[in-house]
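Q:
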Amino acid sequence: MKILYVTGACLFKNTSANMSHNAYLKGLLENGASVDVVMADDSFGRLDKTFEKYENANYYAFSSVSFADKMRLKFRGAAVINPTIVKVAKEEGKTQQTSKEPISVRLKQWL
């Protein structure tokens, strides 16, 4: 079974919700599912290196700029960057750019 798991948080941050998300991922992988994870590149919480990064899952991170930050940038005259999807490399802390297309375009291609 092929599953797209989408969350608005970075799964490597230490929060109770992320502990739950990671448990769901573990269960899906243990039951033979092929999982692609789309998550925020940054979110609330502290980075926790003890959270397992599952080798069988493909992680994709998108730029997560808050609505308040977008409004602040807009009124200062700065360009607001469209979110892009970045594949998270298997080594810790490294990302590689996979596309500069907006998320909606990439998800439509994936589906």
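When the letters of the sequence shown are read in order and numbered with our numbering, they come out as residues 58 to 168. All C-beta atoms, glycine included, are put in the ideal place defined by N, C-alpha and C.
Does the stretch 122–133 come close enough to the stretch 77–91 to have 3 or more Cβ pairs within less than 8 Å?
A: Too few Cβ pairs lie closer than 8 Å, so no.
Q: Hey, THR64 and MET96 are a contact pair by Cβ (cut 8 Å); roughly how many whole angstroms apart?
A: Within the sequence shown, the letter at position 7 stands for residue 64. Within the sequence shown, the letter at position 39 stands for residue 96. Yes, they are in contact, since the Cβ atoms of THR64 and MET96 sit about 5 Å apart, within 8 Å.
Q: Could I get the ranges of all uninterrupted alpha helix (DSSP H) runs contained in the stretch 80–139, with 4 residues as the minimum, in chain order?
A: As far as the stretch 80–139 is concerned, its whole alpha helix (DSSP H) runs of at least 4 residues are 124–133.
Q: When we look at the beta-carbon of PHE69 and count the other beta-carbons within 10 Å, is it buried (16 or more) or exposed?
A: Position 12 of the sequence shown, counting from 1, holds the residue named residue 69. Buried: at least 16 other Cβ atoms inside 10 Å.
Q: May I ask which residues mark the beginning and end of the beta strand (DSSP E) holding LEU43?
A: What the structure shows of the chain is the stretch from 58 to 168, and residue 43 is not part of that stretch, so it cannot be assessed.
Q: Can you tell me the Cα-Cα spacing of TYR116 and LYS110, whole angstroms?
A: Here the question's residue 116 lines up with position 59 in the sequence shown. Here the question's residue 110 lines up with position 53 in the sequence shown. In a straight line, the C-alpha of TYR116 is about 9 Å away from that of LYS110.
Q: Using a 10 Å radius around the Cβ and a threshold of 16 neighbouring Cβ atoms, would you call LEU104 buried or exposed?
A: As a first step, residue 104 is located in the sequence shown; it is residue number 47 there, counting from the start. It is exposed - the Cβ of LEU104 has fewer than 16 other Cβ atoms within 10 Å.
Q: Would you mind giving the Cβ-Cβ distance between ALA114 and VAL94, rounded to the nearest angstrom? I have them listed as a contact below 8 Å.
A: Residue numbering aside, residue 114 sits at position 57 when the sequence shown is read from its first letter. Residue numbering aside, residue 94 sits at position 37 when the sequence shown is read from its first letter. About 6 Å separates the two Cβ atoms, so the contact holds.
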